[in-house]
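S.K.:
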Amino acid sequence: MINTFFYAVIIYVNILLLYPVFYQKGRRIWYVLFVILFLIIAGMLRGYAIISAYNFFLPGKTRLITLGALLNYITAGILVYILSLVFRIAIEYFKLKQQTEEIMAQKSQAELNLLKSQVQPHFLFNTLNNIYYEAYKEAPKTAYLIERLSEIMRYFVDETIKEDVAINTEILFLENYISLEKIRIRHGVNIHFTKVYDPDIRIPPMLLMTFIENIFKHGIDKSSNQNQIDIALTQQNGCLYFKTNNKIYEVDPQKKLNGFGIANLKKRLTMLYGTNFELDTATNDKTFIAFLKIPVA
Numbered sequence: 012m013i014n015t016f017f018y019a020v021i022i023y024v025n026i027l028l029l030y031p032v033f034y035q036k037g038r039r040i041w042y043v044l045f046v047i048l049f050l051i052i053a054g055m056l057r058g059y060a061i062i063s064a065y066n067f068f069l070p071g072k073t074r075l076i077t078l079g080a081l082l083n084y085i086t087a088g089i090l091v092y093i094l095s096l097v098f099r100i101a102i103e104y105f106k107l108k109q110q111t112e113e114i115m116a117q118k119s120q121a122e123l124n125l126l127k128s129q130v131q132p133h134f135l136f137n138t139l140n141n142i143y144y145e146a147y148k149e150a151p152k153t154a155y156l157i158e159r160l161s162e163i164m165r166y167f168v169d170e171t172i173k174e175d176v177a178i179n180t181e182i183l184f185l186e187n188y189i190s191l192e193k194i195r196i197r198h199g200v201n202i203h204f205t206k207v208y209d210p211d212i213r214i215p216p217m218l219l220m221t222f223i224e225n226i227f228k229h230g231i232d233k234s235s236n237q238n239q240i241d242i243a244l245t246q247q248n249g250c251l252y253f254k255t256n257n258k259i260y261e262v263d264p265q266k267k268l269n270g271f272g273i274a275n276l277k278k279r280l281t282m283l284y285g286t287n288f289e290l291d292t293a294t295n296d297k298t299f300i301a302f303l304k305i306p307v308a
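Using this note's numbering, the first residue of the sequence shown is number 12, and each one after it goes up by one.
1. With Glu224 as the anchor, note down where its alpha helix (DSSP H) starts and where it stops.
2. Of the choices Ala146, Gly79 and Phe184, whose alpha-carbon is the least far from that of Ile157?
3. Just to confirm the assignment, what range does the alpha helix (DSSP H) spanning Asp5 have?
4. With a threshold of 6 Å on Cβ separation, who are the neighbours of His198 within its own chain once the five nearest residues in sequence on each side are excluded?
5. Can you have a look at Arg99 and say buried or exposed, based on whether 16 or more other CB atoms are within 10 angstroms of its CB?
6. Would Gly88 and Arg57 be called neighbours here (beta carbons separated by less than 8 Å)?
7. Per the contact definition of three or more C-beta pairs closer than 8 Å, is the stretch 14–25 in contact with the stretch 40–60?
8. Using alpha carbons as the reference points, say which of Tyr65, Leu50 and Phe49 lies closest to Met12.
9. Helix, strand or coil: which one does DSSP assign to Lys173?
10. Just the C-alpha distance for Ile300 and Lys254, rounded to the nearest angstrom, thanks.
11. Whole-angstrom Cβ separation of Glu162 and Leu185, contact assumed at under 8 Å?
12. In three-state DSSP terms, what is Thr10?
13. Applying the 10 Å Cβ sphere with the 16-neighbour rule, what's the burial state of Leu75?
14. Could you check where the alpha helix (DSSP H) with Val46 kicks off and where it finishes?
15. Please state whether DSSP places Ala301 in a helix, a strand or coil.
16. DSSP three-state call for Pro210: helix, strand or coil?
17. Buried or exposed for Thr375, please, with buried defined as at least 16 other CB atoms from any protein chain shown within 10 angstroms of its CB.
18. Anyone know if the C-beta pair for Phe49 and Phe33 falls short of 8 Å?
19. Check Thr111 in the structure and name its three-state DSSP category.
20. First and last residue of the alpha helix (DSSP H) that includes Tyr310?
21. From the DSSP secondary-structure annotation, give me the bridge partner or partners of Phe204.
22. Quick check on this structure: which residue in Ala116, Ile26 and Tyr155 has the alpha carbon closest to the alpha carbon of Leu94?
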């Protein structure tokens, strides 16, 4: 009974306490030290308990508590500890294997769901193409806008899931978005878009969209015929520079500066580039200026 009790103590203290608290959290040295101390104490207590019980029930055959006897009990405890460690590692292995299988199953299900979700968008693209050809015969301008909308939707489905896209693909998306936004502006808008870059570079998708979206939310006066927007995308010395300039028509200019779009963009840039980027926004004489600098290969 004493042996069984101490063997159980060694096994469960290692499995439930020492291993998860120290070894799994990377404190390997502390784990080794506490294991050694625990096995010495448990072995000595087990030796004292067994020899004392032996002398109590068999007083005529007294056994002495010697260092050699205690070392034998400590050694036996080490063997039990090794078995408990192997058992604990085996539990972790099968748990990890089960988690891996679950992740693979979830991944397969996610891929299946993605394929299913792409059926309807592509059906919609084909339908839009058919509408485009019909509209082109009667209203070429309407057909042009339908084509822009189709390309924007295709971008969302095919490109935004990628880690990076060709710079020309990103610019085409921005230009399509601008074309559709201009429909809502009664007197039109004068947009000057400067583009000087290597067409082979790639950038994360939707990285520049926040600035363009903010322009049409806050930098357009629908009752004015003097709307002017300046956009510049240039590449120099291994960096890509994106700058927008537009008037401010909202009551509180700081609303734009503290909007969720800029804040979310900054978080995304931090995840992508760490501190290796520049993002600035400023107001100057009722003009809003946004500036972004990122490294490109």
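Backbone N, C-alpha and C define an ideal beta-carbon position, used for all residues, glycine too.
M.R.: Considering the structure as presented:
1. DSSP places Glu224 in the uninterrupted alpha helix (DSSP H) bounded by Met220 to His229.
2. Taking Ile157 as reference, the option from Ala146, Gly79 and Phe184 with the minimal CA-CA separation is Ala146.
3. Because residue 5 is not part of the residues shown, which for the chain are 12 to 308, the question remains open.
4. So the list reads Asn236, once near-sequence residues are dropped.
5. Classification for Arg99: buried.
6. In this structure, Gly88 lies near Arg57, with their beta-carbon atoms less than 8 Å apart.
7. Two segments are said to touch when three or more pairs of C-beta atoms, one from each, lie closer than 8 Å; by this definition the stretch 40–60 touches the stretch 14–25.
8. The option with the nearest alpha carbon to Met12 is Tyr65.
9. Coil, per DSSP.
10. One C-alpha to the other measures close to 7 Å.
11. Glu162 to Leu185, Cβ: 11 Å. No contact.
12. Because the chain here runs from 12 to 308, residue 10 falls outside it and cannot be looked at.
13. By the neighbour-count rule (16 or more Cβ atoms within 10 Å), Leu75 is not buried but exposed.
14. Unbroken alpha helix (DSSP H) run through Val46: Arg39 to Phe68.
15. In the structure shown, Ala301 falls within a strand segment according to DSSP collapsed to helix, strand and coil.
16. DSSP places Pro210 in coil when its eight states are reduced to three.
17. What the structure shows of the chain is the stretch from 12 to 308, and residue 375 is not part of that stretch, so it cannot be assessed.
18. If you check the CB distance, Phe49 and Phe33 do not come in under 8 Å.
19. Look at Thr111 here: in three-state DSSP terms it is helix.
20. Nothing can be reported for residue 310, as the shown portion of the chain is limited to 12 through 308.
21. As computed with DSSP, Phe204 is found in a beta bridge with Ile242.
22. Looking at the Cα atoms, Ile26 is the closest of the given residues.
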